[in-house]
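In the UniProt record's numbering, the protein residues as written are 1 to 513.
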């Protein structure tokens with residue numbers, strides 16, 4: 001036995017497997033090399049799979065985009081909301097169907113719209129990252145599951161029906177009367193007004209009134225809620241960081257409000273308004289006023305058949321944030337910059353509304369059937385859709401398909417001279433509507449599109465029944481003031497919502513009485 005033990009010891013001593021000869025540092029180094037080899041092998045294998053074996057490998061597009069998500073991250077985070085420009089260049093180079101990341105195909109062809117945005121007969125899910133990126137992970141727009149989206153949408157859809165919006169019209173007219181009164185006071189002093197803020201204030205006050213039975217009263221503020229809307233733009237500036245680094249979004253949502261405000265002082269008003277939303281939801285929850293419960297959006301949600309876990313403060317805050325951030329138009333710029341089109345609009349309004357009623361806020365029914373008037377609204381939404389977000393859906397496991405409204409609307413194969421403001425195109429060729437993506441399509445289309453159109457109609461008709469473009473004449477006029485379309489009106493930054501160039505002061509006009 002002793003001879004056998006001696007032989008074994010000698011074998012281990014002389015063998016290459018002599019474990020004791022390696023120190024701790026040697027084992028650490030070898031462990032690092034082993035892990036590095038494993039990760040390198042995995043990375044190379046994954047890259048080869050994405051480039052050669054993936055079901056999407058035959059779809060044209062940049063190889064780097066097919067290889068890694070960092071290609072998209074570079075344009076979104078480091079270049080600051082510029083991926084929409086990269087998408088446009090991809091389509092110019094590779095055609096109407098492009099692979100834009102390892103798992104996503106992007107389309108720029110209206111012939112695909114009906115297939116990608118089906119009706120209620122087919123289920124479509126949302127990618128999980130949409131909710132993270134939007135900053136509203138529990139809202140309708142971010143709902144991943146098709147059936148859950150339908151239940152959430154059904155809870156608020158009655159509030160956005162045509163009949164419900166008609167009942168809201170007196171409030172629209174009241175707010176528009178306030179705006180015209182304030183504009184008249186500014187006109188007495190020939191003031192320059194940031195008109196885009198006026199429209200944002202009107203939309204926000206209208207939506208908060210409808211959502212909670214109370215409003216921010218931005219219309220009455222001297223600067224029309226400027227600090228809040230600046231904070232909102234700052235919040236949207238974080239969306240691509242949220243989408244590319246989900247852990248950061250989780251961290252931001254989990255910290256107390258005072259920590260968020262200390263780190264992001266410019267966005268303090270966003271968190272303050274969120275606390276206001278939750279307070280109003282609590283008021284509705286405990287309210288004994290049947291009218292407030294019946295006639296407000298969140299009264300409807302709380303009184304719906306949704307389960308209780310769908311009525312938590314966190315989920316309703318996400319819904320409130322989505323509803324209140326929605327809505328803004330650039331109609332006034334296009335009409336002031338194109339006085340010939342404005343004159344056509346005014347002629348149609350004057351033919352439809354008697355002289356004695358032109359000093360009043362018109363009813364929606366008075367302008368609803370006007371073809372050129374509606375074409376103006378359609379054309380403005382085509383040029384300036386309210387969202388830049390890719391409309392993404394999961395049609396097959398692991399594959400995301402998407403279309404961008406702005407890129408579709410600027411397709412020269414569909415819209416002749418797409419950059420030009422030409423309302424007449426919708427009258428001459430009604431089939432163009434098949435390519436319209438202003439409110440998305442299918443079962444995931446914007447639930448508030450009827451409200452948005454009616455608000456735009458009342459604002460537009462009220463404004464241009466009273467004001468004309470300034471040409472040196474007397475009378476109520478509006479004149480563009482240091483407003484450049486490419487800088488101040490068109491989308492320069494894609495942060496889910498379109499934003500103008502950095503430093504832009506937006507749409508400014510000089511008002512004269």
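Cβ atoms here follow ideal geometry from the backbone N, Cα and C, with glycine treated the same way.
Taking 8 Å as the cut-off, the beta carbon of residue 501 is found no closer than this to the beta carbon of residue 485. Within the same chain, no Cβ atom closer than 6 Å to the Cβ of residue 473 is found once the five residues on either side in sequence are excluded. Closest option to residue 510, judged by alpha-carbon separation, among 356, 183, 212, 48: 183.
Here residue 234 is not near residue 494, since their CB atoms are 8 Å or more apart. Contact check between the region 379–386 and the region 195–203: fewer than three CB pairs, one atom from each, fall below 8 Å, which does not count as touching. Just measuring C-alpha positions, the residue of 415, 449, 372 sitting nearest residue 424 is 372.
Residues 466, 467, 513 of the same chain have their beta carbon placed closer than 6 Å to that of residue 476, with the five preceding and five following residues left out of the count. In the three-state reduction of the DSSP assignment, residue 190 falls in the coil class. In the structure shown, residue 206 adopts helical secondary structure according to DSSP, grouped into three states. Residues of the same chain with a CB within less than 6 Å of the CB of residue 247, apart from the 5 flanking positions on each side, do not exist. Secondary structure of residue 332 (DSSP, three-state): helix. Partner residues in the beta bridge of residue 479, as assigned by DSSP, are 510.
About 17 Å separates the CB atoms of residue 108 and residue 72; that is not less than 8 Å, and the two are not in contact. The count of Cβ pairs closer than 8 Å, one atom from the region 143–161 and one from the region 437–453, reaches three, so the stretches are in contact.
Linking residue 198 to residue 508 through their CA atoms gives a straight-line distance of about 10 Å.
The beta-carbon separation of residue 59 and residue 99, rounded to 4 Å, stays under the 8 Å limit for a contact.
Across the structure, residue 412 and residue 469 are spaced so that their CA atoms are roughly 30 Å apart.
A Cβ-Cβ contact shorter than 8 Å links residue 280 with residue 214. Going by beta carbons, residue 439 and residue 445 fall inside the 8 Å limit.
In this structure, residue 284 lies away from residue 306, with their beta-carbon atoms at least 8 Å apart. With a 10 Å radius around the Cβ and a threshold of 16 neighbouring Cβ atoms, residue 429 comes out exposed. DSSP, reduced to helix, strand and coil, places residue 146 within a helical segment of the structure shown.
Going by C-alpha positions, residue 441 is about 51 Å away from residue 34. Taking each of 166, 145, 333 in turn and checking the Cα distance to residue 363, the smallest one comes out for 166. Setting aside the 5 residues that flank it on each side, residue 155 is surrounded in the same chain by 300, 301, 304, 306, each with a C-beta closer than 7 Å to its C-beta; the list follows chain order. Our two residues, residue 76 and residue 68, have alpha carbons roughly 14 Å apart in a direct line. Each of 209, 471, 339, 341 was checked against the Cα of residue 174, and the nearest Cα belongs to 209.
In this structure, the beta-carbon distance from residue 286 to residue 87 does not fall below 8 Å. In its chain, beyond the 5 residues on either side, 423, 426, 427 have a beta carbon closer than 6 Å to the beta carbon of residue 375. For the pair residue 249 and residue 271, the CB atoms are not nearer than the 8 Å cut-off. Counting C-beta atoms within 10 angstroms of its own C-beta, residue 294 has fewer than 16 neighbours from the protein chains shown and is therefore classed as exposed.
Annotated as distal: residue 90 and residue 55, with beta-carbon spacing of 8 Å or more.
Here DSSP, grouped into helix, strand and coil, assigns residue 497 to strand. Burial is judged here by how many other beta carbons sit within 10 angstroms of a residue's own beta carbon; residue 227 has fewer than 16 and is exposed. At least 8 Å separates the beta-carbon of residue 400 from that of residue 147.
Residue pairing for residue 101: DSSP places it in a beta bridge opposite 104.
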